[in-house]
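Asks:
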Ligand code: 5GP
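Residue numbers (this note's numbering): 19 to 230.
Structure below.
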């Protein structure tokens with residue numbers, strides 16, 4: 019299995035000594051993937067982590083496919099090796115973030131975005147690592163439900179399960195440091211808010227490589 023990334027070959031010069039993690043989480047259908055996608059045209063000092071999953075690929079060109087697809091056996095093996103920074107069963111499939119990939123990016127000074135579900139986000143928060151956390155949400159939950167139904171790539175049962183699970187996810191939002199509201203038709207504004215958070219976090223004195 020290879021975990022490639024288009025940014026692997028590029029260096030970065032964002033003034034940060036060591037990178038840090040930005041957890042971007044939220045309930046299903048909140049549009050976290052779209053917000054991150056939109057932010058790509060605004061800045062180039064972050065990388066989006068590639069998740070390992072047992073979910074079937076959605077097909078070529080599907081939006082938001084940032085995954086290494088593996089079998090359940092391979093996933094369990096990675097779990098027992100302790101390869102994951104966090105992992106969770108989400109809507110009947112397993113998803114995890116590999117430690118080695120994240121570590122390599124952090125040591126090269128990248129801001130590493132983890133687009134992960136709320137269970138995984140809570141696990142990262144338990145670790146003694148440098149992170150900040152963002153909860154992405156629409157103003158109206160019905161918008162998120164409609165997004166899931168309109169995506170057209172998941173089965174009806176899968177969509178209904180995602181909607182049921184999202185109630186618990188909304189209940190966890192006050193454990194996050196920031197909220198980004200992703201209102202319908204205002205994707206750019208949401209991406210700008212996330213970008214401002216990245217700017218503020220990377221401007222923290224403890225993160226600079228500039229010396230007194
Ligand atoms: P999807 O199957 O729609 O791409 O993703 C389903 C959910 O799994 C989303 O909420 C997504 O953010 C989450 N997810 C994707 N990758 C990971 C991961 O590596 N770890 C965890 N915990 N959740 C993930």
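For glycine and all other residues, C-beta sits at the position ideal for the given N, C-alpha and C.
(1) Looking only at its chain, what residues have a beta carbon closer than 8 Å to the beta carbon of residue 213, apart from the 5 residues adjacent to it on each side?
(2) Across which residues does DSSP place residue 133 in a beta bridge pair?
(3) Run through the DSSP bridge pairs and tell me what residue 199 is partnered with.
(4) For residue 141, which residues from the same chain have a beta carbon less than 6 Å from its beta carbon, with the 5 sequence-adjacent residues on both sides left out?
(5) Could you tell me the alpha carbon to alpha carbon distance between residue 185 and residue 45, rounded to whole angstroms?
(6) Exposed or buried, residue 182, counting other C-beta atoms within 10 Å across all chains shown (16 or more means buried)?
(7) Could I get the ranges of all uninterrupted alpha helix (DSSP H) runs contained in the segment 45-111, with 4 residues as the minimum, in chain order?
(8) Using a Cβ-based criterion (distance less than 7 Å to any ligand heavy atom), does residue 108 qualify as near the ligand 5GP?
(9) Nearest-angstrom Cα distance between residue 128 and residue 112?
(10) Can you list, in chain order, the residues of its chain with a C-beta nearer than 6 Å to that of residue 136? Leave out the 5 residues immediately preceding and following it.
(11) In the DSSP output, which residue or residues are listed as bridge partners for residue 114?
(12) Going by CA-CA distance only, name the one from 198, 224 and 71 that's closest to residue 155.
(13) Return helix, strand or coil for residue 226, following the three-state DSSP convention.
(14) Are there any heavy atoms of the ligand 5GP lying less than 7 Å away from the beta-carbon of residue 119, as far as the coordinates show?
(15) Check each candidate in 99, 54 and 98 and name the one with the smallest Cα separation from residue 84.
(16) Quick one: what's residue 150 bridged to in DSSP?
Replies: With the given structure in hand:
(1) 57, 60 and 61
(2) 42
(3) 155
(4) 104
(5) 8 Å
(6) exposed
(7) 50-57 and 90-99
(8) yes
(9) 26 Å
(10) 43, 187 and 190
(11) 70 and 105
(12) 198
(13) strand
(14) no
(15) 54
(16) 40
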